[in-house]
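Numbering (full-length UniProt numbering), first residue to last: 1 to 157.
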């Protein structure tokens with residue numbers, strides 16, 4: 001969109017809210033009914049939101065433990081030379097599912113990994129180090145709770 005951010009109206013925010021709640025099972029018809037427009041308008045708006053880079057994708061919420069991967073670990077790391085290529089390199093590594101690059105501070109990366117056992121996680125940790133990061137600490141994640149950003153239209157719930 002050429003550097004300018006599109007203005008989101010109530011319909012756009014409502015669509016985003018409904019998609020955050022459940023992008024798989026909310027049909028365009030159901031979203032349209034909730035936000036007061038037709039299913040065709042919802043499809044057009046979603047396409048524009050995708051083209052603008054506001055909707056970056058549709059990712060399933062996976063229970064890794066039930067899928068056979070008992071360990072979900074959050075590594076807090078320091079990269080002396082933080083860059084987009086570091087994040088891309090990390091995402092190419094086996095077991096890495098998310099990379100969060102922080103704006104400031106010494107501990108400037110959070111890397112979430114999924115592993116089947118401690119040996120698997122150790123190998124993943126070594127690959128993180130090979131990408132140029134120092135692991136400051138690691139923590140086993142128990143649960144992650146997510147909710148839609150309510151500014152997008154909690155009234156559409």
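Think of the CB as a built atom: it goes at the ideal place given N, C-alpha and C, for glycine as much as any other residue.
When you compare each of 99, 68 and 66 to residue 78 by their alpha carbons, which one comes out closest? Walking along the chain shown from the start, residue 78 turns up at place 78. Comparing C-alpha distances from residue 78 to each of 99, 68 and 66 shows the shortest one belongs to 99.
With a 10 Å radius around its C-beta and 16 neighbouring C-beta atoms as the bar for buried, classify residue 149 as buried or exposed. The count along the chain shown starts at 1 and reaches residue 149 at position 149. Burial call: exposed.
Have a look at 80, 101 and 123 and flag the residue whose alpha-carbon is nearest the alpha-carbon of residue 93. For the purposes of this step, residue 93 is identified with residue 93 of the chain shown, where counting begins at 1. Of the candidates 80, 101 and 123, the one whose C-alpha sits nearest the C-alpha of residue 93 is 123.
Identify which residue in 20, 113 and 144 has its Cα closest to the Cα of residue 135. Residue mapping note: residue 135 aligns to position 135 of the chain shown, counting from 1. Distances from the CA of residue 135 to each of 20, 113 and 144 were compared; the closest alpha carbon is that of 113.
What does the alpha-carbon distance come out to for the pair residue 140 and residue 34? In the chain shown, the residue the question calls residue 140 occupies position 140. In the chain shown, the residue the question calls residue 34 occupies position 34. Roughly 39 Å separates the two Cα atoms.
C-alpha gap between residue 15 and residue 31, whole angstroms: Sequence index remark: in the chain shown, residue 15 carries index 15 (1-based). Sequence index remark: in the chain shown, residue 31 carries index 31 (1-based). Answer to the nearest angstrom: the Cα atoms are 6 Å apart.
Do the segment 5–25 and the segment 33–52 make contact, defined as three or more Cβ pairs closer than 8 Å? Remark: three or more beta-carbon pairs, one from each stretch, lie closer than 8 Å, so the segment 5–25 and the segment 33–52 are flagged as touching.
For residue 31, three-class secondary structure by DSSP: The count along the chain shown starts at 1 and reaches residue 31 at position 31. Correct three-state label for residue 31: helix.
List the whole-angstrom C-beta distance separating residue 107 from residue 76, where the pair is believed to meet the contact cut-off of C-beta under 8 Å. If you number the chain shown from 1, residue 107 lands on position 107. If you number the chain shown from 1, residue 76 lands on position 76. Cβ-Cβ separation between residue 107 and residue 76: approximately 5 Å, consistent with a contact (criterion under 8 Å).
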